[in-house]
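Student: Just add 190 to wherever you are in the sequence shown, counting from 1, and you've got my numbering.
For each residue, glycine too, the CB sits at the ideal point set by N, CA and C.
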Amino acid sequence: MGDWILKNEMKRVVLLSTGDELTSGKIADTNAQWLSDRFYTLGLEVVAVLTVGDFRERLVWAWEQALELGDLVVSTG
Numbered sequence: 191m192g193d194w195i196l197k198n199e200m201k202r203v204v205l206l207s208t209g210d211e212l213t214s215g216k217i218a219d220t221n222a223q224w225l226s227d228r229f230y231t232l233g234l235e236v237v238a239v240l241t242v243g244d245f246r247e248r249l250v251w252a253w254e255q256a257l258e259l260g261d262l263v264v265s266t267g
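#1: So is A256 buried or exposed if we call it buried at 16+ other beta carbons inside 10 Å?
#2: Would you kindly check if the distance between the Cβ of G267 and the Cβ of S207 is under 9 Å?
#3: If we ignore side chains and look at the alpha-carbon of each, how far apart do L181 and G209 end up?
#4: Can the beta-carbon of A222 be found closer than 9 Å to that of V242?
#5: When burial is assigned at 16 or more other CB atoms within 10 Å of the CB, is A135 buried or exposed?
The structure is reproduced here in structure tokens:
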């Protein structure tokens with residue numbers, strides 16, 4: 191049944207990367223790059239990668255956007 195769900199329902203993935211260290215450029219978002227590659231090998235399309243700092247209002251906005259765009263949201267940070 192898990193294969194059926196992946197093949198027929200969850201096709202659009204949004205990656206949500208959080209952290210001031212990402213938005214300031216102190217570190218690169220290697221998680222998003224790695225995850226994008228893995229989802230591609232599973233046949234899933236990463237439709238957006240959102241990066242926001244550690245501010246409540248921005249996090250709420252990013253989650254709202256991610257949930258509108260994707261069938262699956264993966265958050266790291």
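Tutor: Working from what's here:
#1: buried
#2: yes
#3: This structure cannot speak to residue 181, because the chain is shown only from 191 to 267.
#4: no
#5: For residue 135 there is no data in the structure shown, the boundaries of the chain being 191 and 267.
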